[in-house]
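Only one structure is covered here, and it is reproduced in the block below.
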Amino acid sequence: MLAAQEQQRSSTFSEGEKVPARTWRNMPSFYNLTGSRCNGCSHLEFPKAAACRKCGSQDLSEHSFSGTGKIETYTIIRQPFNEEGMAEQLVCSSPYAIAIVRLDEGPMITAQLADCEAGEIAIGKPVKAVLRKISEGGDDGLIRYGYKFVLA
Amino acid sequence: MEKAGIAGYGAYIPRFRIKVEEIARAWGRDAEALKKSLCVNEKAVPGIDEDTATMAVEAGRKALAAAGMPGESIGALFIGSESHPYAVKPTATVVAESLRLSRGLFSADLEFACKAGTSAMQIVYSMVRSGMIKAGVAIGSDVAQANPNDALECTASAGSAALVLGSENLLAELDATCSFATDTPDFWRRQEQPYPKHGGQFTGKPAYYRHVSECTQRMLQLTDSGPQDFDHVIFHQPNGKFPVEAAKMLGFTEKQLEKGLLVRQIGNCYSASSLIGLCSVLDQAGPGERILMVSYGSGAGADGFAFRTTSLLAGKRPVPSVSQMMSDNLQYLKYEKYIMNTRR
Ligand SMILES: [Zn+2]
Chain A
1 MLAAQEQQRS
11 STFSEGEKVP
21 ARTWRNMPSF
31 YNLTGSRCNG
41 CSHLEFPKAA
51 ACRKCGSQDL
61 SEHSFSGTGK
71 IETYTIIRQP
81 FNEEGMAEQL
91 VCSSPYAIAI
101 VRLDEGPMIT
111 AQLADCEAGE
121 IAIGKPVKAV
131 LRKISEGGDD
141 GLIRYGYKFV
151 LA
Chain B
1001 MEKAGIAGYG
1011 AYIPRFRIKV
1021 EEIARAWGRD
1031 AEALKKSLCV
1041 NEKAVPGIDE
1051 DTATMAVEAG
1061 RKALAAAGMP
1071 GESIGALFIG
1081 SESHPYAVKP
1091 TATVVAESLR
1101 LSRGLFSADL
1111 EFACKAGTSA
1121 MQIVYSMVRS
1131 GMIKAGVAIG
1141 SDVAQANPND
1151 ALECTASAGS
1161 AALVLGSENL
1171 LAELDATCSF
1181 ATDTPDFWRR
1191 QEQPYPKHGG
1201 QFTGKPAYYR
1211 HVSECTQRML
1221 QLTDSGPQDF
1231 DHVIFHQPNG
1241 KFPVEAAKML
1251 GFTEKQLEKG
1261 LLVRQIGNCY
1271 SASSLIGLCS
1281 VLDQAGPGER
1291 ILMVSYGSGA
1301 GADGFAFRTT
1311 SLLAGKRPVP
1321 SVSQMMSDNL
1331 QYLKYEKYIM
1341 NTRR
């Protein structure tokens, strides 16, 4: 899940950055699904873009998504995680589901589906974003909160 | 002084449950005896990635939406819990950021065992009445901890409730509030200890019953009312027995108690316990009805509140309702999975 979520957020991830700084910088997107809206052509993107993918304009403003959407596709991961030496301990237990969610406003977003069993998940089912613990660096680390989706 | 009351409310209960039978099975105990002594059948369990902050955000988002108020209009946030995720670093800032509250926010985390959420209400209420803020949010949220195989394990649960207190567009007016507190050693947890300890039988008479009844009597005096003048009464619910006995002792009927008595199905959500009871009553009450709520926090103290619902209530109810969260999409856990979800 780390790979999937971090890839999704690659535009807000910079190499070598420490956890507190990265956590703090990503709060708007992690807490409130804040992406961007193009002032030229109204195109919406998540995560926040530096330039509009549709018309190339750099005149963008922040846009927070409502957090409701539908499951476009998903996969169940049965591999255990949190191997020794991993920098951040993820807060979830395997098996767990990762979905690509089509937000009602259009953009797609990759995230964990929380609170559900594999048998409950189906393509097309409505979901909504919730705030959950993403990772915690052991018993004394920083707790990183962010979005996951639950069945609506 | 400004009039003040509830402009919005929201409760959150996780979807997971564990039955007392399942806990009893794990430890080879007599389930029927446990259920009979506690009057609790099952309790709410958090998801593995849920904590006091995430549940407070869920409840807070619902309450703000029900109030129809944007986060920037909120001037204060106080969160009561005995399971704040950090020893040092506020829950309130995580929640404020997620609810997009104003940057000039008055905020802090509170602790007073199970009554910390109602202490938050009193602070926000007095700020509204003094005119310091237009509206504020008070939250009680807990992921309660219990030592495995302690009787407490059958009741300590998880939940959250948020109230938007303000002076306009009220769904219930707050007529009066009071408190009663003494130094009573019924329940405690020392720094860096994972589980609380309690005084067994001592948690009843000198602790819960004394503080709840003193506070209730003060509330009746303060509002110049008798028990029969209230349509609904909510007491803190550490188990299914104490609030029922307290109601009987103080002259309230089962009917006055029933809409806010949830402990048999969700357990004791600590700081959220009496508040979720209040949300459940607000989900069902008609206009012009009077509600008495008395919380209890070990150590010990009780906070009392008298409310009067308005005609706006019917149009400001959050979805899903408390009763929906108690019946829809429940998932029952085996003991092993329960331990994974509650390990902190
Ligand atoms: Zn564009």
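Quick mapping for you: the protein sequence lines, in order, are chains A and B.
Number 105 in this note's numbering belongs to position 105 of the first sequence; there are no gaps in the numbering.
Each number in this note's numbering comes from the position in the second sequence (counting from 1) with 1000 added on.
Backbone N, C-alpha and C fix where the C-beta goes; we use that ideal spot for every residue, glycine too.
Small disclaimer: the values here were computed from a predicted structure and weren't measured.
The Cβ atoms of ILE98 of chain A and GLU72 of chain A do not sit closer than 8 Å to each other. Interface flag for GLY1047 of chain B against chain A is set, since a Cβ pair is found closer than 8 Å. Not a single heavy atom of ligand 1 lies less than 7 Å from the C-beta of GLY1131 of chain B.
If you look at LEU1110 of chain B, you'll find it in the beta strand (DSSP E) that goes 1106-1110. 8 Å or more divides the Cβ of HIS1232 of chain B from the Cβ of GLU1173 of chain B. What MET1340 of chain B touches in chain A, judged by beta-carbon distance under 7 Å, is SER93, going in chain order.
Taking a cut-off of 8 Å for Cβ pairs, the segment 42-49 of chain A and the segment 59-67 of chain A touch, as three or more such pairs fall below it. The Cβ neighbour count for ARG78 of chain A, taken over all protein chains shown within 10 Å, is under 16; the residue is labelled exposed. With distances taken between CA atoms, GLN1265 of chain B lies nearest to B:GLN1237 out of B:LYS1255, B:GLN1237 and B:LYS1248. Following the DSSP letters along the chain, one finds VAL150 of chain A in no alpha helix (DSSP H) but inside the beta strand (DSSP E) bounded by residues 143-151. For SER1102 of chain B, the shortest C-beta to heavy atom distance toward ligand 1 is 7 Å or greater. Between TYR31 of chain A and chain B, the shortest Cβ-Cβ separation is below 8 Å.
Annotation: PHE1016 of chain B is outside any alpha helix (DSSP H); the continuous beta strand (DSSP E) that includes it extends over 1016-1019.
Annotation for SER64 of chain A: the continuous beta strand (DSSP E) segment containing it runs 60-64.
Relative to ligand 1, the beta carbon of CYS1269 of chain B is positioned no closer than 7 Å to any heavy atom. Under DSSP, the beta-bridge partners assigned to PRO126 of chain A are A:LYS70.
Between MET27 of chain A and chain B, the shortest Cβ-Cβ separation is below 8 Å.
For ILE143 of chain A, the nearest beta carbon of chain B is closer than 8 Å to its own beta carbon.
Residues of the segment 1050-1070 of chain B whose Cβ lies closer than 8 Å to any Cβ of chain A, in chain order: GLU1050, ASP1051, ALA1053, THR1054, VAL1057 and GLU1058. In this structure, the straight-line span from the alpha carbon of MET27 of chain A to that of GLY124 of chain A is close to 28 Å. Sequence-distant Cβ neighbours of ALA1181 of chain B in its own chain, meaning closer than 6 Å and more than five residues away, are GLY1301. Set against 7 Å, the gap from the CB of LYS54 of chain A to the closest heavy atom of ligand 1 is smaller. A distance below 8 Å separates the beta carbons of GLY1267 of chain B and THR1155 of chain B. The beta-carbon of LYS70 of chain A is placed no less than 8 Å from the nearest beta-carbon of chain B. Under the DSSP definition of a beta bridge, PHE1235 of chain B partners with B:VAL1294. In the structure shown, ILE1133 of chain B falls within a coil segment according to DSSP collapsed to helix, strand and coil. Using a 10 angstroms sphere on the CB of MET1132 of chain B, the tally of other CB atoms stays under 16, which defines it as exposed.
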